[in-house]
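**Q**
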Amino acid sequence: MNEPSAIRFFHVWDTYARVVGGNYMFHQELGVAIRTALNDHFRKRPFSLLDLGCGDAATLAPVLQDFSVKHYRGADLSEAALAVARHNLSELGCPAELHHTDMCDELAALTTPVDVIYSSYALHHLPLLGKAAFFRAAAQKLAPDGVMLLIDVVREEDQPLDVYHNAYTGWLRASMTALAASEHDAICEHIVHNDFPEPWSVLEALATAAGLRMVSVTTPQTWHRLMVFVRA
Ligand SMILES: C[S@@+](CC[C@H](N)C(=O)[O-])C[C@H]1O[C@@H](n2cnc3c(N)ncnc32)[C@H](O)[C@@H]1O
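Counting in the working numbering, the sequence shown runs from -7 upward without gaps.
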């Protein structure tokens, strides 16, 4: 499968790993919130999990080690990221399948309902119609008592996309201080051409239309958010 330009950036996986390592996208706080959501929902009950846009699974794999995971299935468009994910998931102690495919195709291919649908910082790459299709497919494939954990960047209400891009890239250059200027440039270039976050009201409307209901939200910083959904 060819990897679209939107994804090519993530071949520079060490730059993204430095963003995550510096906690610049709040993976630590969001990891704590994921752990709490999984605890609240499943306690010790085993669950299956689908990770859409799994990347290298570096943040999720250690969280999952504290739970009883029946089956992990991840999908991503980047083969480079999947190779690292294979290594990061090796300690999980359950079957782990990784698929080099589009997240919506992965959802469509699912033949049995899944207990947890997880997606972190991937949905904003899809156009609006793709996001709507994602919510519809997720609602169909989620087990009746399952939970969807969606981490993503969310634009402020009434903030035009170009204003968001300017604000986010300005913030990034000022706050991601451990990164070189050339790394800032590469990330900003990627964001301006490939990131299409929606305001919360749009995500909520798509989720509601698909038959999902949000039960909690964690917002460690204005644009970075975990949204927890169940079937309505
Ligand atoms: C910012 S990284 C997030 C990786 C990881 N989930 C995390 O939170 O650190 C976005 C990931 O989504 C993947 N991605 C983007 N669009 C995708 C699509 N349509 N289908 C599958 N994966 C996609 C990229 O290849 C990349 O690995």
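The beta carbon of each residue, even a glycine, is placed where N, CA and C say it ideally should be. Fair warning: this is a prediction, and the values are worked out from it, not measured in the lab.
1. Which same chain residues, not among the five before or five after residue 96, have their C-beta less than 7 Å away from its C-beta?
2. Do the CB positions of residue 38 and residue 61 come within less than 8 Å of each other?
3. For the alpha helix (DSSP H) that residue 20 lies in, which residues bound it at each end?
4. If you check the beta carbons only, do residue 99 and residue 133 fall under 8 Å apart?
5. I need the straight-line Cα distance from residue 82 to residue 143, nearest angstrom please.
6. By alpha-carbon positions, which one of 148, 131 and 87 ends up nearest to residue 63?
7. Where residue -6 and residue 74 are concerned, what is the direct C-alpha to C-alpha distance, given to the nearest angstrom?
8. For ligand 1, is there any heavy atom lying closer than 7 Å to the beta carbon of residue 92?
9. Residues in its own chain within less than 6 Å of residue 1 by CB, not counting five upstream and five downstream?
10. State the Cα-Cα distance for the pair residue 223 and residue 174, rounded to the nearest angstrom.
11. Might you give, ordered along the chain, the residues of its own chain that have their beta carbon closer than 7 Å to the beta carbon of residue 30, omitting 5 neighbours on each side?
12. Leaving out five residues before and five after residue 7 in sequence, what residues of the same chain have Cβ atoms less than 6 Å from its Cβ?
13. If you measure between the beta carbons of residue 41 and residue 137, is that distance less than 8 Å?
14. What's the gap between the Cα of residue 11 and the Cα of residue 109?
15. Alpha carbon to alpha carbon, what distance is there between residue 25 and residue 203?
16. Take the Cβ of residue 249 as the centre, count every other Cβ of all protein chains shown within 10 Å, and call the residue buried at 16 or more, exposed below.
17. Report yes if the C-beta distance between residue 146 and residue 198 is below 8 Å; otherwise report no.
**A** To lay it out plainly:
1. Mapped onto the sequence shown, residue 96 falls at position 104. 122, 125, 126 and 129, listed in sequence order.
2. Reading the sequence shown from its first residue, position 46 is the one you call residue 38. Reading the sequence shown from its first residue, position 69 is the one you call residue 61. Going by C-beta atoms, residue 38 is nearer than 8 Å to residue 61.
3. Here residue 20 refers to the residue found at position 28 of the sequence shown. Going by DSSP, residue 20 is part of the alpha helix (DSSP H) stretching over 19 to 34.
4. Position 107 of the sequence shown, counted from the start, is the residue given in the question as residue 99. Position 141 of the sequence shown, counted from the start, is the residue given in the question as residue 133. In contact: residue 99 and residue 133 (Cβ atoms closer than 8 Å).
5. One-based indexing of the sequence shown puts residue 82 at position 90. One-based indexing of the sequence shown puts residue 143 at position 151. C-alpha separation (whole angstroms): 23 Å.
6. One-based indexing of the sequence shown puts residue 63 at position 71. Check the Cα spacing between residue 63 and each of 148, 131 and 87: the tightest is with 87.
7. Locating residue -6 in the sequence shown gives position 2, where the first residue counts as 1. Locating residue 74 in the sequence shown gives position 82, where the first residue counts as 1. Confidence at residue -6 is low in this model, with a pLDDT of 43, below 50, so its placement is unreliable and the value that follows should be read with caution. Rounded to the nearest angstrom, the two C-alpha atoms are 15 Å apart.
8. The sequence position of residue 92 within the sequence shown is 100, counting from 1. No, ligand 1 has no heavy atom inside 7 Å of this Cβ.
9. As a working note, residue 1 is residue 9 in the sequence shown. Low local confidence applies: a pLDDT of 47 at residue 1 is under 50, so the model's placement there is unreliable, and no value is given.
10. Your numbering for residue 223 matches position 231 in the sequence shown. Your numbering for residue 174 matches position 182 in the sequence shown. If you draw a straight line from the Cα of residue 223 to the Cα of residue 174, it comes to about 44 Å.
11. By 1-based counting over the sequence shown, the position of residue 30 is 38. In chain order, 59 place their CB closer than 7 Å to the CB of residue 30, counting only its own chain and leaving out the 5 sequence neighbours on each side.
12. By 1-based counting over the sequence shown, the position of residue 7 is 15. Contacts found: 175.
13. By one-based count along the sequence shown, residue 41 stands at place 49. By one-based count along the sequence shown, residue 137 stands at place 145. Contact flag unset, no.
14. In the sequence shown, the residue the question calls residue 11 occupies position 19. In the sequence shown, the residue the question calls residue 109 occupies position 117. The alpha-carbon atoms of residue 11 and residue 109 are separated by roughly 24 Å.
15. Counting from 1 along the sequence shown, the entry for residue 203 is found at position 211. Counting from 1 along the sequence shown, the entry for residue 25 is found at position 33. Cα-Cα distance, rounded: 23 Å.
16. Here the chain has residues from -7 to 224 only, and residue 249 is not among them.
17. Position 154 of the sequence shown, counting from 1, holds the residue named residue 146. Position 206 of the sequence shown, counting from 1, holds the residue named residue 198. Here residue 146 is not near residue 198, since their CB atoms are 8 Å or more apart.
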